[in-house]
Amino acid sequence: MEFLPEFKPVWLGGWLLLALLVLTDGVLFLAFRKDTVTRLFDRSGWTLRQKVLTVVGKLLALVVVLMIIFTPLGIGTWVFVVGAGLVGLGLVVLVKALFDFRKAPPDQPATQGVYGVTRHPQNMASSLVILGCTIAIGSWLALLLFVVARIFLHQNLVAEEEVCLQEYGEAYRSYVEQVPRYFFI
6 MEFLPEFKPV
16 WLGGWLLLAL
26 LVLTDGVLFL
36 AFRKDTVTRL
46 FDRSGWTLRQ
56 KVLTVVGKLL
66 ALVVVLMIIF
76 TPLGIGTWVF
86 VVGAGLVGLG
96 LVVLVKALFD
106 FRKAPPDQPA
116 TQGVYGVTRH
126 PQNMASSLVI
136 LGCTIAIGSW
146 LALLLFVVAR
156 IFLHQNLVAE
166 EEVCLQEYGE
176 AYRSYVEQVP
186 RYFFI
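Take the position in the sequence shown, starting the count at 1, then add 5; the result is the number in the numbering used here.
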């Protein structure tokens, strides 16, 4: 790992791992009904503060994504193996989470499958993929920016939970008391 790796567009760059996330999301979203996808991206009920902090987090995440895209992969190194493993794990959890979400009735919160381990499995899985990408490119700076972005994007999760409390009431409140926001935390 190095603080700031060399940036240059190459065929064997971090963009390959990132493309797996984009393809997975894209294929699944195309396969799901429109109302299911709409529920995934509903931002109504968010406060201005939550929206602003989320935008700041997304801008930092965009910097991380650009670093991943323009950094060569260290194929054959331990950082690549660890990073690629995290990407693979994240993609498996993401697919499972999206199918679990799709199974939930629209008038009830998703609580089954990986939703029984974390209240935000899609977010956690996507974060695991990006974390794996930052490790696979071997950049401490990308890793640091990823962590800072996730701190800002925490507001995204809080906002989603507040909306779900308003929408689902006691059913969601009970769920919040039983299932952690993050894996095992």
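Note that the Cβ used here is the ideal one computed from N, Cα and C, for glycine as well.
For this session: Identify every residue that forms a DSSP beta bridge with Pro77.
Result: Gly18
Exercise. With DSSP run on the structure shown, which of helix, strand or coil describes Glu172?
Worked result: helix
Exercise. Skipping 5 residues on each side, what residues in its chain have a beta carbon closer than 7 Å to that of Lys108?
Worked result: Gln117
For this session: Note down the Cα distance separating Cys169 from Ser49, rounded to an integer number of angstroms.
Result: 11 Å
For this session: Determine the direct distance from the alpha carbon of Trp16 to that of Phe85, and round the result to whole angstroms.
Result: 15 Å
Exercise. On the three-state DSSP scale, how would you describe Ser49?
Worked result: coil
Exercise. With DSSP run on the structure shown, which of helix, strand or coil describes Glu167?
Worked result: helix
Exercise. Taking just the CA atoms, how far does Val92 sit from Phe34?
Worked result: 19 Å
Problem set entry | Residue range of the unbroken alpha helix (DSSP H) whose run includes Ile142 | Per DSSP, Ile142 belongs to no alpha helix (DSSP H) and is neither H nor E.
For this session: Assign Glu7 to one of three DSSP states: helix, strand, or coil.
Result: strand
Problem set entry | Residue environment, Thr123, which counts as buried when at least 16 other CB atoms sit within 10 Å | buried
Problem set entry | Test item: CB-CB of Leu96 and Leu158 under 8 Å | no
Problem set entry | Three-pair Cβ contact test at 8 Å for the segment 98-114 versus the segment 47-66 | no
Problem set entry | Boundaries (first-last residue) of the alpha helix (DSSP H) holding Arg107 | 83-108
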